[in-house]
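Visitor: Under this note's numbering, the first residue of the sequence shown is numbered 252, with each subsequent residue one higher. Where a beta carbon is used, it is the ideal one built from N, C-alpha and C, also for glycine. Here the structure is a predicted model, which means the values were calculated and not measured.
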Amino acid sequence: MSVHKKTEIKKITTHQLQEMKNRGEKIAMLTAYDYSMARIIDGAGIDVILVGDSASNVMAGNETTLPITLDQMIYHATSVVKAVNRALVIVDIPFGYYQGSSGEALRSSIRIMKESGAHAVKLEGGAEVKDSVLRILSAGVPVMGHLGLTPQSIYKFGTYSVRAKEEAEANKLIEDAQLLQECGCFGLVLEKIPAELAKKVSSKLSIPVIGIGAGPDVDGQVLVMQDMLGITQEFKPRFLRRYADLNSVVTSAVNNYVADVKAKTFPSQDEKY
Ligand code: KIV
């Protein structure tokens, strides 16, 4: 008989996200890209961790999400999955690894699932990626959609400003959202669109809709962790609420450390062998 008693942790699944929407419980999602931070936010009760291709910006220092590779995304996802006990882990398929053909989209998704142990993938776009979405789903891999401001298309948009303010773009977004649901996506991210439009989409769809800069009337919220913790300083969109000022905390800690080393007060008698 085993003497090890493991604490039962109820893992979040795509089905549970659906139940949360059905009972009106909001879904809390954050990005993470490494083991240490994923461990903290999973322990703090986050429902969903997105290994976003925003890693390209916040981890690698690139101007856009376009340069990050599939191998790099798998590296980040593998580190996050190792840390997680409860949250659902979704991984962005990066730019260039699903648009070429549905076969390529499937191969990329299988690599993500097999090599990282993640639970689902996310990709950007509507009708134009329908074949890829269907092919990935046919292999049993859960897919989340992403509409509105889709950063992988930044050079088409030209700016990171609010999308779908005009009727034509709003109508296309509603059609794409319905299409993604009909294809079988388990959820949808809406980024930086008018709150009224996001409200309409989330009430039309039966699947959970997670917003970032899409107002309060959606089924959940997602933020980039480095932004909400105040690690990034320059990025100040209206929708961002900062829950901490880690930039100041780290700066002050490092200032103190440098001062102690220079003053020869670290290490002390008690801090040596
Ligand atoms: O990559 C990312 O962080 C994202 C979120 C902004 C939704 O896609």
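For Asp511, which residues of its own chain have a beta-carbon under 7 Å away from its beta-carbon, when the five flanking residues on both sides are left out?
Guide: Residue numbering aside, residue 511 sits at position 260 when the sequence shown is read from its first letter. Around Asp511: Phe517.
Visitor: Hey, out of Lys455, Pro445, Lys451, whose CA is closest to Gln463's CA?
Guide: Residue mapping note: residue 463 aligns to position 212 of the sequence shown, counting from 1. According to the sequence shown, residue 463 is Ile rather than Gln. Considering only alpha carbons, the answer is Pro445.
Visitor: Between Ser519 and Asn506, what straight-line distance do the alpha-carbon atoms span, to the nearest angstrom?
Guide: To locate residue 519, count along the sequence shown from 1; it is residue 268. To locate residue 506, count along the sequence shown from 1; it is residue 255. Cα to Cα, Ser519 sits roughly 18 Å from Asn506.
Visitor: Considering only heavy atoms of the ligand KIV, does any lie closer than 8 Å to the CB of Gly438?
Guide: As a position in the sequence shown, residue 438 is number 187, starting the count at 1. Not so, every heavy atom of the ligand KIV lies at least 8 Å from the Cβ.
Visitor: By the DSSP assignment, the alpha helix (DSSP H) with Gly354 in it spans what residues?
Guide: Working through the sequence shown from its first residue, we reach residue 354 at position 103. Per DSSP, Gly354 belongs to the alpha helix (DSSP H) from 353-367.
Visitor: To the nearest angstrom, report how far apart Cys436 and Val309 are at their CA atoms.
Guide: In the sequence shown, residue 436 corresponds to position 185, counting from 1. In the sequence shown, residue 309 corresponds to position 58, counting from 1. About 27 Å.
Visitor: Going by the CB atoms, is the gap between Val342 and Ser383 shorter than 9 Å?
Guide: Locating residue 383 in the sequence shown gives position 132, counting from the first residue. Locating residue 342 in the sequence shown gives position 91, counting from the first residue. Going by C-beta atoms, Ser383 is not nearer than 9 Å to Val342.
Visitor: Going by C-alpha distance, which of Leu474, Leu441, Met476, Glu447 is nearest Pro459?
Guide: Position 208 of the sequence shown, counted from the start, is the residue given in the question as residue 459. Answer by Cα proximity: Leu441.
Visitor: Going by the CB atoms, is the gap between Leu374 and Ile325 shorter than 9 Å?
Guide: Taking the first residue of the sequence shown as position 1, residue 325 is located at position 74. Taking the first residue of the sequence shown as position 1, residue 374 is located at position 123. Not a contact, by the Cβ cut-off of 9 Å.
Visitor: At a threshold of 8 Å, does Val473 count as lining the ligand ADP (C-beta to nearest heavy atom)?
Guide: Absent from the structure shown: the ligand ADP. Ligands present: the ligand KIV.
Visitor: So does Pro402 have its beta carbon nearer than 8 Å to some heavy atom of the ligand KIV?
Guide: Along the sequence shown, read from residue 1 onward, the residue named residue 402 stands at position 151. Yes, Cβ of Pro402 sits closer than 8 Å to a heavy atom of the ligand KIV.
Visitor: Buried or exposed: where does Ile461 fall if 16 or more other Cβ atoms within 10 Å of its Cβ makes it buried?
Guide: Here residue 461 refers to the residue found at position 210 of the sequence shown. Per the 10 Å Cβ criterion, buried.
Visitor: What does the Cβ neighbour count give for Thr410, buried or exposed, with the cut at 16 atoms within 10 Å?
Guide: Numbered from its first residue, the sequence shown carries residue 410 at position 159. With fewer than 16 Cβ atoms within 10 Å of its Cβ, Thr410 is classed as exposed.
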